[in-house]
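>
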Amino acid sequence: DTFSAWLVLATLYSLLYMPTLSLTNSMAFVHLDNSERDFPRVRVWGTIGWIAASWLFPMIWLQSNLQLQMLPPFFVGNEVPDATPRLADTLKISGVVAFLYAGFCLLLPNTPPKKDGVDKLAFKKAFSLLTRKSFAVLVAASLPVAVIHQIYFMQAGPFFENQLGMLVTYIAPAMTVGQFAEIASLALLGTLLMRLGFKWTITLGALAYFARYAIWGMISLQDSSGPSVDAAGQFVWTASLMVGVFSQILHGLCYACFFASAFMYVDRVADDDIRNSAQTVFGIIILGVGPMIAGPVLGILGNVFGEAGVVTNFAGMWFTLSAIALLTAALVAFAFRDETILRSSG
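For reference, each letter of the sequence shown is one residue, going 8 to 353 in my numbering.
1) Put Leu73 into one of helix, strand or coil per three-state DSSP.
2) Looking at the structure shown, is Gly309 part of a helix, part of a strand, or coil, going by DSSP?
3) Can you tell which of Ala179, Gly309 and Leu328 has the C-alpha that lies nearest to the C-alpha of Phe82?
4) Rounding to the nearest angstrom, what Cα-Cα distance links Pro47 and Ala59 in this structure?
5) Considering Cα atoms alone, identify which of Ile331, Phe167, Lys132 and Phe321 is closest to Phe253.
6) Which parts of the segment 49 to 120 are runs of the beta strand (DSSP E), unbroken and 3 residues or longer, counting only runs that do not cross its ends?
7) Among Phe289, Leu69, Val104 and Met77, which has the Cα closest to the Cα of Asp89?
8) Report yes or no: do the segment 314 to 321 and the segment 197 to 213 share at least 3 C-beta pairs separated by less than 8 Å?
9) Is it a yes or a no for the segment 142 to 152 touching the segment 336 to 344, going by three-plus beta-carbon pairs under 8 Å?
10) For Leu199, I'd like the list of residues in its chain whose CB is within less than 6 Å of its CB, leaving aside the five on either flank, ordered along the chain.
11) Let me know if Ile344 comes out buried or exposed under the rule of 16 or more other beta-carbons within 10 Å of its beta-carbon.
12) Go through its chain and collect everything with a Cβ distance to Phe289's Cβ below 6 Å, but skip five positions before and after it.
13) Kindly confirm or deny that the segment 91 to 107 and the segment 188 to 196 touch, where touching means at least three C-beta pairs closer than 8 Å.
14) Going by DSSP, which residues form a beta bridge with Glu189?
15) So, at 6 Å on beta carbons, what are the nonlocal neighbours of Phe326 in its own chain, with the 5 sequence-adjacent residues on each side left out?
Here is the structure:
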């Protein structure tokens, strides 16, 4: 049937595409002269692309009579009658765009594989990094954070729509508050790393996850809001909606301080001959294993805090994710030790 075909194609696409996320990190670290200074500047363009997609699709395809405004969702208009079915068109558009950036990849800097004999065992040696305490702790912390990070993207939409009353056409633009904050956080990441070091910067990222989910849990304790529009169909703010939207500012710290810093630490702690493979190993864990675990975990949360696997008690779910983030922050704070400092001082 249609769903089975979609599932097979989506799985194949993910198997082919997801490894490129780690590969782009590896290429960046190879070609950048100062990765701690320059990597955030490169990575920020991925965030800008996210914002562009979140704005342009609703503006062009889901709404009419648009009016721009300073506050999220940054533009308001009349929702087209078939807005929800039109969401499926994102798959068609993304498929076309995928071919375009596949062609663009041919313009990337030439990065041939290394010819050294030791490189044949690089992948195996990269897994041996798990014997280093700092890398093992980082992996142990990153896996649960990758899970709750994925659940955020899976449940933020239903949360905004069903709990806070936001129309579906406004959700993606409103969520770009987090991406704007991510741009600012990436711009400041180099300074944070110099002042706090990897340990406390990564801890700060985990604490940002804790704070965001705790805030969302608290506003979920109230009764669900009705649609966030007035009698004329115009967007209106409620207190809960305002807190929910603007608390996404924490998303910038979540991603930049935790994941971007983690990728940079892996590049520093790995030996020169296995840096690319180390990025791949770490990427498998947080971009592959983590999201795979997120699905079953969300199913469990849906049964515990909802019905038939669908979350209805958002407070219970967000507080659970908040607790996981707090435990992760404690793990990094008490168990992680920056071995790159020890190596440079030794």
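In this text, a Cβ means the ideal position worked out from N, Cα and C, and glycines have one as well. Just so you know, these numbers come straight off a predicted model, no measurement behind them.
Judging by the given coordinates:
1) Here residue 73 refers to the residue found at position 66 of the sequence shown. In this structure, Leu73 counts as strand in the three-state DSSP scheme.
2) Working through the sequence shown from its first residue, we reach residue 309 at position 302. Here Gly309 sits in helix by DSSP.
3) Taking the sequence shown and counting its residues from 1, the one referred to as residue 82 is at position 75. Comparing Cα positions, the closest option is Ala179.
4) Locating residue 47 in the sequence shown gives position 40, where the first residue counts as 1. Locating residue 59 in the sequence shown gives position 52, where the first residue counts as 1. If you take the alpha carbons of Pro47 and Ala59, they lie about 19 Å apart.
5) For this step, residue 253 is matched to residue 246 along the sequence shown. Minimum Cα distance to Phe253 is reached at Phe167.
6) 70 to 75 and 82 to 86
7) Position 82 of the sequence shown holds residue 89. Checked all of Phe289, Leu69, Val104 and Met77; the closest Cα to Asp89 is Leu69.
8) no
9) yes
10) One-based indexing of the sequence shown puts residue 199 at position 192. Closer than 6 Å at Cβ, skipping near neighbours: Thr208.
11) Here the question's residue 344 lines up with position 337 in the sequence shown. Residue identity differs from the one stated: residue 344 is Arg in this sequence, not Ile. So Arg344 ends up on the exposed side.
12) By one-based count along the sequence shown, residue 289 stands at place 282. Correct list, in chain order: Val273.
13) no
14) By 1-based counting over the sequence shown, the position of residue 189 is 182. Looking at the DSSP assignment, Glu189 forms no beta bridge with any residue, so it has no partner.
15) As a position in the sequence shown, residue 326 is number 319, starting the count at 1. For Phe326, where only same-chain residues beyond five positions count, the Cβ hits under 6 Å are Gly224.
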